[in-house]
Amino acid sequence: MQKPIYLDYHATTPVDPRVLSAMLPYFGPKFGNAASATHSFGWEAESAVESARKRVADLCGATPREIVFTSGATESDNLAVKGAVPPGKHLVTVSTEHKAVLDSASRLEETGCSAAVLAPRPDGLLDLDQLRDAIRPDTALVSVMFANNEIGVIQPIREIGAICREKRVLFHCDAVQAFGKVPVDVNADGIDLMSITAHKMYGPKGVGALYVRHGLRLPAQMDGGGHESGMRSGTLNVPGIVGFGEACAIAAAEMEEECQRLRGLRDRLLERIRAGLDGIHVHGSMERRLTGNLNLSFEGVDGDALLVALPDLAVSAGSACASHGTGGSHVLQAIGVAPELMQSATRFGLGRFTTLEEVDYAAGRVVEVVRKLRSERPV
Ligand code: PLP
Numbered sequence: 010m011q012k013p014i015y016l017d018y019h020a021t022t023p024v025d026p027r028v029l030s031a032m033l034p035y036f037g038p039k040f041g042n043a044a045s046a047t048h049s050f051g052w053e054a055e056s057a058v059e060s061a062r063k064r065v066a067d068l069c070g071a072t073p074r075e076i077v078f079t080s081g082a083t084e085s086d087n088l089a090v091k092g093a094v095p096p097g098k099h100l101v102t103v104s105t106e107h108k109a110v111l112d113s114a115s116r117l118e119e120t121g122c123s124a125a126v127l128a129p130r131p132d133g134l135l136d137l138d139q140l141r142d143a144i145r146p147d148t149a150l151v152s153v154m155f156a157n158n159e160i161g162v163i164q165p166i167r168e169i170g171a172i173c174r175e176k177r178v179l180f181h182c183d184a185v186q187a188f189g190k191v192p193v194d195v196n197a198d199g200i201d202l203m204s205i206t207a208h209k210m211y212g213p214k215g216v217g218a219l220y221v222r223h224g225l226r227l228p229a230q231m232d233g234g235g236h237e238s239g240m241r242s243g244t245l246n247v248p249g250i251v252g253f254g255e256a257c258a259i260a261a262a263e264m265e266e267e268c269q270r271l272r273g274l275r276d277r278l279l280e281r282i283r284a285g286l287d288g289i290h291v292h293g294s295m296e297r298r299l300t301g302n303l304n305l306s307f308e309g310v311d312g313d314a315l316l317v318a319l320p321d322l323a324v325s326a327g328s329a330c331a332s333h334g335t336g337g338s339h340v341l342q343a344i345g346v347a348p349e350l351m352q353s354a355t356r357f358g359l360g361r362f363t364t365l366e367e368v369d370y371a372a373g374r375v376v377e378v379v380r381k382l383r384s385e386r387p388v
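Residue numbers (the working numbering): 10 to 388.
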């Protein structure tokens, strides 16, 4: 069987060949430990890490010393949320956040902190008045993601940042799905802590970062050698960090054009599916959305049967990160999607290597299969 067409770019992205070639020497002759201060192997690794740190920082208007490398965004979210809320204090977050944030908030609640988990509007966006009202005198942190990993909606981050500044609370933003796809500026956006990861932006898996605004200090989650300004001990993943830096440099140069191209492809996919089928529901705002994202439900179609009938398309029924859990999507539930629609929700994630031919093929197959399933089991 031929490989399916990959339309799951929110789960992970293929490593860009340019990223791979930048990394390869660091698996070979340039194998030094970036913490080895006494010889050239270490210096070479350290210099590669520092130039990658600058590339990551440059993509979000940070300074290199504000970038703390981690193993990925799950770790960054844990470090930020658990580290920024002192014992007994309050945090505000949203029910459509990634589980790495929601579960960290629950863990804090177990230890005596309290959390307000806000419901978004039906279009997936946060109501800013609701946010304002939820912030209390003892609120230490607001955590709101930049772009959602299931429905792709882009939150009003700059406005949220301004509210947090005005109320003097820290703002953590999980920017995993937005970083490298849309402009992110930690200063203009008023972000104090920001989680990012390389594998959603054509870099390798197992490396990410937390942006920590200058002057803030988070307690380390792990004890050890005191790397990364004491906030994240552990020998640095030099090849991964080099790849992350290269992925950021490529994104800086190509993001705008790529974003436009994906908008064209995504809109074409939707138009073609709509032209062939009725009873289609789009989840989340189409106005404030990542250009590579589409999340659709098909009336009168069984979601499992749909995925089984489309082995040639690698699409997702929800987020890959949550797919080991039970029950439906917590995101679709939070925006009030009816259960009979939720079960057929399908996430299409388009990215750098998606072609026009693939989009046309995918649209044709979706129309064909949905029609067939509906004719077999008419509602
Ligand atoms: N946050 C969001 C919004 C994500 O989409 C993901 C991954 O799916 C993560 C966090 C976790 O990132 P990582 O895979 O680097 O741990």
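Every residue gets a Cβ at the ideal spot worked out from N, C-alpha and C, and that includes glycine.
Computed from a predicted structure; not experimentally measured.
When DSSP reads this structure, S306 sits in a beta bridge with H290.
The alpha-carbon of G239 is positioned some 32 Å away from that of E168. Taking the Cβ of D183 as the reference point, at least one heavy atom of the ligand PLP falls within a distance shorter than 8 Å. Relative to the non-hydrogen atoms of the ligand PLP, the Cβ of D17 never comes closer than 8 Å to any of them.
For Y370, the enclosing alpha helix (DSSP H) stretches over residues 365-385.
Taken atom to atom, the span from the alpha-carbon of G212 to that of V185 is near 12 Å. In the DSSP secondary-structure assignment, M203 is bridged to C182, Y220. Spanning the alpha carbons of A43 and I250 requires a straight line of approximately 11 Å. Less than 9 Å divides the Cβ of A261 from the Cβ of D67. Boundaries of the beta strand (DSSP E) around A125: 123-127. Membership of L315 in the alpha helix (DSSP H) is indicated by the continuous run 312-318. Just measuring C-alpha positions, the residue of G233, D194, L303, G37 sitting nearest P248 is G37. Taking all protein chains shown into account, G235 has fewer than 16 neighbouring C-beta atoms within 10 Å of its C-beta and is therefore exposed.
Relative to the ligand PLP, even the nearest heavy atom lies 8 Å or more away from the CB of Q164.
C-alpha of R270 to C-alpha of L315: approximately 28 Å in a straight line. Contact check for T102 and A124: beta-carbon distance about 6 Å, within the 8 Å limit, so the pair qualifies. Annotation for Q230 indicates a beta carbon at 8 Å or more from all heavy atoms of the ligand PLP. In terms of side-chain proximity, the C-beta atom of A256 is found no nearer than 8 Å to any non-hydrogen atom of the ligand PLP. H107 has its Cβ nearer than 8 Å to a heavy atom of the ligand PLP. Between E159 and V340, the CB-CB gap stays under 9 Å. Nearest Cα to E75 within the set H292, R64, T83: R64.
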